[in-house]
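Chemist: Chains as they are written, first to last, in the numbering used here: chain E, 30 to 289; chain D, 30 to 289; chain R, 30 to 289; chain W, 30 to 289; chain X, 30 to 289; chain G, 30 to 289. Don't be surprised by glycine CBs; every beta carbon is placed ideally from N, CA and C. What you are looking at is a predicted structure, and each value in this text was computed from that prediction instead of being measured.
Right, here's the structure in full:
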């Protein structure tokens with residue numbers, strides 16, 4: 030796969046945009062949450078990561094990256110300062126409007142690169158239903174914890190993955206090391222039953238419920254679950270690269286009509 | 030676990046209701062889709078199954094069963110006659126209203142027994158976010174394909190599971206055998222890459238998209254994916270029993286404060 | 030009018046559905062409230078009755094019966110445990126979505142068999158306005174207290190009719206006698222001015238207002254108005270039969286182009 | 030009942046308003062449709078009439094009259110030029126907002142004097158449900174065709190009443206004779222089965238449906254149903270006076286706690 | 030410009046309406062607030078003025094005047110009795126519906142004559158965006174403080190203009206002198222930095238914020254800002270005449286294709 | 030005014046956020062449009078500029094900068110590829126949700142730095158009305174064309190200012206010179222009557238209407254109005270600095286209670 034520069038929507042003039050859209054009907058839309066990520070990571074983690082991945086995918090595929098959607102549902106993080114939560118119905122409305130505009134330029138495939146997995150992927154799927162009914166576009170939801178999950182897991186060494194954990198810390202070390210303050214952060218193993226973060230009750234019953242602010246604070250007194258100290262920038266780079274590669278492969282399949 | 034009779038909301042007088050709600054703050058709400066399930070199963074499969082499971086759970090736990098929500102998002106099934114689809118935003122609004130009423134009687138835990146897994150579980154999660162913010166209640170989403178999934182899978186013999194497949198056919202044979210017309214139905218293995226129905230592109234990349242009506246008709250020309258001929262009423266009974274037992278266990282944990 | 034078996038949407042496979050919809054563009058949608066009906070009747074009265082009537086009409090006409098809408102506006106009954114109220118705007122949205130799906134299969138006439146007369150008929154009419162503007166379908170609202178009202182009244186012997194009264198008790202005796210507990214229930218004549226339940230202030234001025242929870246409790250300390258003790262299953266059977274016959278006649282007129 | 034001058038909200042300064050609201054917690058809100066009324070009456074009939082009645086009631090009771098709501102659902106009249114229709118959900122939202130403001134000044138009873146009976150009374154009832162739940166106010170819906178209906182009917186001489194008929198023509202002759210052009214207008218008896226306008230199919234079955242634009246044009250080729258030529262200003266004056274008196278009596282009962 | 034009589038929508042029959050709409054595709058819609066205007070002016074000022082101006086414009090141009098929209102956002106005036114505020118989203122919905130009906134009759138240009146400048150002009154612009162996208166109509170917003178502002182200012186003698194000030198008082202003296210009670214009213218110069226009312230912080234920075242109820246009461250203890258005592262009916266007549274003439278000129282330009 | 034580093038919400042951990050919010054209850058929210066800006070400027074101009082200004086203000090005042098809202102109403106720019114438009118009602122809903130979250134952390138003043146003046150400032154004002162009613166926060170709308178407008182104008186040399194003009198080009202030269210491609214771009218003086226861009230018909234009448242896509246293409250065949258060739262990075266720097274300084278001064282006044 031030939032490497033190029035990312036194609037950033039906000040940095041193109043309209044004649045450049047016109048040229049890009051003549052060559053592809055696929056676009057990348059980073060979506061993420063503004064919410065706390067422990068003492069060692071910044072509030073923007075769920076945006077930095079999908080934006081970084083989307084740029085990598087764009088560099089590989091030439092598919093343009095839209096400006097990011099920075100506010101999504103995350104009310105259960107409001108127990109720490111800084112989380113900004115949008116209700117699901119409002120996010121759906123916003124995403125339908127975005128698709129409605131994009132269809133005017135011949136766009137048909139919108140890849141939502143979602144940095145807030147377990148958080149807003151459900152709302153994105155609900156939006157996908159409405160977009161499919163009301164526009165000529167279709168949403169493809171690539172949540173950063175789902176894509177290439179097995180390979181990401183194989184890179185990890187910590188037993189518990191949760192929030193602001195080894196995975197997110199490693200990725201941020203690769204993207205913005207200046208914003209990672211790992212010194213003195215210890216493992217929080219409060220979610221001992223599963224190998225990977227699950228908002229579900231327990232893997233075997235798979236009964237889902239959303240944690241409340243109070244639940245969240247009890248599970249994660251400092252805002253994180255897992256062991257951030259296991260993270261390294263090399264692991265983060267490997268994860269980001271692998272996820273981007275998977276999404277790029279999906280786009281190739283899509284362009285070649287190999288999906289469905 | 031002692032067995033009793035199911036406690037049906039619609040069949041209680043208000044003084045009986047009062048007594049029930051004095052003993053529990055948990056309720057069961059069956060949610061399902063009215064949509065096609067091949068030539069061999071009726072349109073109400075996704076409602077018959079969660080209602081049956083909810084009644085079993087109620088008999089085990091004494092928790093009451095609300096009347097069912099019979100219309101949810103399923104527009105991709107409109108390629109066959111009879112599917113009735115509600116948009117996600119409207120379903121969310123309806124579920125928030127239901128929770129708002131239930132909180133008046135001291136109800137705090139609402140178990141959504143969802144028969145339309147892969148279909149409306151995402152919208153139910155979005156609703157769960159709003160209910161948690163706007164009411165004193167919490168939603169617990171028990172989708173019938175997720176709960177006890179490993180045990181259900183171990184009962185199956187067909188290689189591909191999808192829609193109106195061995196699992197749903199077996200369950201309906203146990204619930205309403207008169208509505209199952211299996212003669213001459215052959216396996217449709219159109220989704221060869223995974224062992225269990227996935228609306229996702231492929232398991233390893235986990236990039237989600239909703240199939241359109243056209244996709245669905247191409248994948249399932251008769252409306253089903255999998256091998257209905259592998260179903261037996263005994264298998265169905267075992268599956269229903271196991272799922273009900275899992276949900277009942279969850280409710281016990283909930284009542285004992287063992288969840289979270 | 031030849032008698033057959035009711036045609037139940039949820040029990041048909043899509044090829045059966047296809048055949049039904051080739052022969053008629055009319056469907057029956059039972060709509061009812063989950064709300065208290067005194068100590069002697071269950072919470073589901075307003076659903077049991079329209080479902081029963083719809084099945085009778087279907088048996089007479091071959092028109093299919095959709096799964097029921099079980100939650101509608103009834104906040105004034107929340108003074109007793111168990112009432113679940115949906116706001117009018119949400120119910121309208123849901124009904125418009127249902128009609129939007131139905132129009133895809135050639136359905137044009139949707140008979141709403143409404144068990145919650147005086148309760149949600151107004152919201153159903155508001156929905157009818159929107160459905161007429163936004164879809165190819167039309168709503169026909171058959172509220173069970175309005176249809177064949179004179180004949181139903183002539184069957185009654187009690188001076189006051191209200192809620193969970195002689196009429197509803199008799200109908201339930203015919204449908205589900207096991208759920209009627211009439212022993213010791215006395216007449217409540219709190220609404221002495223009219224012969225038939227009216228939510229209006231007084232018949233002659235016809236100024237409408239909705240009773241509040243407090244009003245309702247004052248009028249009906251046990252949850253009912255009227256004299257349930259006057260009910261018999263024979264009366265109930267006669268009422269149900271007469272109402273069903275009236276709706277069936279309407280459908281015949283509709284099919285013959287005799288309406289409007 | 031002592032006669033005074035009407036108290037018009039729009040003509041009072043805030044100190045005068047303050048004084049009025051210290052003496053009553055009841056207000057009058059005229060609501061009407063902007064829609065065609067035949068060749069002989071103007072588009073504003075459904076507003077002129079409730080405004081006139083509200084002023085009469087105000088003069089009798091001292092209760093203030095709000096500015097009118099001039100746009101409501103009436104899409105079935107769009108077959109003639111000039112009808113402006115608002116969807117029910119939007120009208121409900123607007124009325125809830127009005128009640129929310131009014132509650133700030135101690136208003137508790139809002140009498141909706143509705144000139145568009147059979148048209149928007151259902152939407153007003155749906156709004157009444159929401160207002161009762163969300164505000165400290167209550168709506169009382171006085172539709173001008175319902176209030177004192179028997180007395181109004183006894184004044185009429187024409188066999189068929191419908192739209193822009195003897196009743197509406199007579200009232201307009203009393204209010205704005207300059208806008209009535211009755212010469213050459215003949216009776217249209219297209220709705221022969223009932224003595225008074227009904228949008229229902231037939232009185233005995235009482236199955237409601239909304240007429241479409243096409244239906245309406247077929248029933249009323251010139252836009253009216255009934256016999257406008259039977260109208261006189263004296264009849265109109267008697268009708269208006271009787272309706273106003275009935276509403277005034279209701280307000281007195283309300284103030285004396287005699288309602289419910 | 031030849032003078033005629035105003036063409037009032039509510040006073041026309043549909044055949045008259047048809048004739049009017051055959052000659053123009055432009056209409057006038059007065060929009061105003063029901064809100065306090067000091068001790069000397071009535072609550073309806075923001076409606077009386079645009080209705081008067083619209084009638085003048087209609088007399089000059091033959092363009093018809095719709096019934097007025099009487100309730101708009103004005104929550105900051107609820108510190109005095111009588112203000113009725115509608116939320117912006119609800120007003121937008123209502124205006125989109127009005128335009129949707131009007132487009133059926135060939136209307137393309139809707140002139141909103143807005144009496145509540147600084148109050149709802151922003152919501153009207155937001156509505157204009159939606160109307161342009163969703164209908165065949167376009168909104169033209171003529172706020173009475175903006176149109177011909179220089180000429181209106183040149184007529185004034187008071188140094189501060191705000192609310193219920195020299196301008197509004199003068200206009201009301203010309204329209205309804207019986208509702209103006211100016212005796213003893215003194216100048217309130219609380220907004221000393223600008224020559225004309227601005228809801229902005231200060232002219233040079235132009236950072237907008239909406240005053241709260243508390244702010245408003247602090248700025249205008251009696252409900253007005255400016256010097257009502259400088260008003261005369263002659264000034265009012267000159268202002269109204271000039272504004273009407275400006276809007277009439279705009280309509281001529283519009284009809285001649287000279288706009289844009 | 031002491032200079033520091035901008036305080037970026039997305040780059041802070043929650044303990045850092047907590048410290049910042051202990052020292053101020055004011056935040057900066059950049060809002061902008063993704064839309065075409067001629068052949069010489071990128072689609073993100075309306076976001077780059079308010080983000081840059083917000084960072085300058087933050088550096089001067091210590092007030093934190095939220096992630097930007099990147100999609101707003103701009104449908105009239107869809108005549109060129111790349112514009113993404115959100116409907117006003119959806120943007121209002123989103124902004125109300127953001128304020129609702131922010132109030133949880135003690136935030137009271139939200140400065141919207143709006144890069145899409147003349148475009149979404151009206152919708153922002155409508156949102157300000159709702160935020161003031163429904164939350165403890167208040168919006169202050171600082172549109173980049175309004176703030177310090179006189180000083181910005183005095184820096185310009187071109188006679189016509191419009192869109193993607195001397196002002197926007199100069200600012201982008203100072204912020205991202207690599208994205209400015211000015212060679213060969215000539216002045217477009219299509220809006221000759223005013224010295225500064227106005228979406229209004231003409232300054233003197235101030236009747237507002239939104240240009241349609243067709244209008245816009247006629248006025249700006251290449252997507253810009255004005256003379257980009259007059260821009261220099263020095264002018265841009267001076268403009269940005271002056272605007273930031275003005276907003277900083279406003280914040281100081283706000284903190285000192287000098288506003289209102």
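Distance, Cα to Cα, residue 137 of chain W vs residue 247 of chain X?
Modeler: So the two alpha carbons sit approximately 28 Å from each other.
Chemist: Span of the beta strand (DSSP E) holding residue 171 of chain R?
Modeler: 167-172 is the extent of the beta strand (DSSP E) around residue 171 of chain R.
Chemist: Would you list, in sequence order, the uninterrupted alpha helix (DSSP H) runs of no fewer than 4 residues that lie entirely inside the stretch 147-209 of chain R?
Modeler: Whole alpha helix (DSSP H) segments, 4+ residues: 150-163, 178-184 and 195-204.
Chemist: Would you say residue 47 of chain D reaches chain R, if we count a Cβ-Cβ gap shorter than 8 Å as a contact?
Modeler: It does; some Cβ of chain R falls within 8 Å.
Chemist: Against chain R, does residue 84 of chain D count as a neighbour if the rule is that its beta carbon must be under 8 Å from one of theirs?
Modeler: No - not a single Cβ of chain R is within 8 Å of the one on residue 84 of chain D.
Chemist: Touch check for the stretch 60-78 of chain X and the stretch 37-50 of chain X: three-plus C-beta pairs under 8 Å?
Modeler: With a cut-off of 8 Å, the stretch 37-50 of chain X and the stretch 60-78 of chain X do not count as touching, because too few Cβ pairs lie within range.
Chemist: Would you call the stretch 212-220 of chain D and the stretch 144-164 of chain D in contact, with 3 or more CB pairs under 8 Å?
Modeler: No: the two stretches stay apart, fewer than three of their Cβ pairs being nearer than 8 Å.
Chemist: Using a Cβ-Cβ cut-off of 8 Å, state whether residue 262 of chain R counts as contacting chain W.
Modeler: Not closer than 8 Å to any Cβ of chain W, the Cβ of residue 262 of chain R fails to qualify, so no.
Chemist: Looking at C-beta atoms only, is the number of pairs between the stretch 80-93 of chain G and the stretch 130-145 of chain X that lie closer than 8 Å three or more?
Modeler: Verdict: no, contact absent.
Chemist: Excluding the 5 residues preceding and the 5 following residue 111 of chain W in the sequence, name in chain order all residues of the same chain whose CB lies nearer than 6 Å to its CB.
Modeler: Answer for residue 111 of chain W: 65 and 72, listed in chain order.
Chemist: Inspect the beta-carbon positions of residue 167 of chain D and residue 100 of chain E and report whether they are closer than 8 Å.
Modeler: Taking 8 Å as the Cβ cut-off, residue 167 of chain D and residue 100 of chain E do not qualify as a contacting pair.
Chemist: What residues in its chain sit with their C-beta under 7 Å from that of residue 205 of chain R, if we drop five residues either side in the sequence?
Modeler: Cβ neighbours of residue 205 of chain R beyond the five flanking positions: 77.
Chemist: With a cut-off of 8 Å on the beta carbons, I'd call residue 148 of chain G and residue 102 of chain G a contact; round off their distance for me.
Modeler: 7 Å between Cβ atoms; contact.
Chemist: In terms of residue numbering, what span does the alpha helix (DSSP H) encompassing residue 141 of chain X cover?
Modeler: Residue 141 of chain X -> not in any alpha helix (DSSP H); beta strand (DSSP E) instead, spanning 138-143.
Chemist: Count Cβ pairs between the stretch 194-208 of chain X and the stretch 258-265 of chain X that sit closer than 8 Å; are there 3 or more?
Modeler: Enough Cβ pairs lie closer than 8 Å, so yes.
Chemist: Excluding sequence positions up to five away, which residues of its chain have a Cβ less than 8 Å from the Cβ of residue 125 of chain G?
Modeler: The residues are 156, 159, 160, 163 and 164.
Chemist: With respect to the beta strand (DSSP E) encompassing residue 55 of chain X, which residues constitute its N-terminal and C-terminal limits?
Modeler: First-last of the beta strand (DSSP E) with residue 55 of chain X: 55-60.
Chemist: Suppose you measure from the CA of residue 278 of chain G to the CA of residue 122 of chain X; what does that come to, to the nearest Å?
Modeler: Their backbone Cα atoms lie some 38 Å apart in a straight line.
Chemist: Based on the DSSP secondary-structure assignment, which residues constitute the bridge partners of residue 254 of chain W?
Modeler: Paired residues: W/192.
Chemist: Give the DSSP bridge partners of residue 217 of chain X, in chain order.
Modeler: In DSSP, residue 217 of chain X forms a bridge with X/255.
Chemist: In the stretch 84-144 of chain D, which residue ranges form an unbroken beta strand (DSSP E) of at least 3 residues, counting only runs that do not cross its ends?
Modeler: Correct list: 138-143.
Chemist: Within the same chain, show all residues whose beta-carbon is closer than 7 Å to that of residue 115 of chain G, passing over the 5 residues directly before and after it, in chain order.
Modeler: Around residue 115 of chain G: 100, 101 and 102.
Chemist: Compute the distance between the beta-carbons of residue 178 of chain D and residue 142 of chain D, then report whether it is under 8 Å.
Modeler: No, Cβ-Cβ distance for residue 178 of chain D and residue 142 of chain D is not below 8 Å.
Chemist: What does the Cβ neighbour count give for residue 182 of chain G, buried or exposed, with the cut at 16 atoms within 10 Å?
Modeler: Its Cβ having fewer than 16 others within 10 Å, residue 182 of chain G is exposed.
Chemist: Would residue 230 of chain X be called buried (16 or more neighbouring beta carbons within 10 Å of its own) or exposed?
Modeler: A caution first: residue 230 of chain X carries a pLDDT of 41, below 50, which makes its placement in the model too unreliable to give a value.
Chemist: Taking 6 Å as the limit between beta carbons, can you name the residues of its chain near residue 58 of chain D, skipping five residues before and five after?
Modeler: Hits under 6 Å: 95, 139 and 141.
Chemist: Tell me which residue opens and which closes the alpha helix (DSSP H) that residue 73 of chain R is part of.
Modeler: Here residue 73 of chain R belongs to no alpha helix (DSSP H), and DSSP marks it neither H nor E.
Chemist: Can you confirm whether residue 100 of chain R, when its beta carbon is compared against all beta carbons of chain D, has any partner nearer than 8 Å?
Modeler: With 8 Å as the cut-off, residue 100 of chain R counts as an interface residue toward chain D.
Chemist: So what does residue 261 of chain W bridge to, in DSSP terms?
Modeler: According to DSSP, residue 261 of chain W bridges with nothing at all.
Chemist: Under three-state DSSP, which class holds residue 283 of chain R?
Modeler: Note: residue 283 of chain R maps to helix in three-state DSSP.
Chemist: Could you say which of X/258, X/129, X/281 and X/269 lies nearest to residue 82 of chain X if we only look at CA atoms?
Modeler: If we check each option's Cα against that of residue 82 of chain X, X/269 comes out closest.
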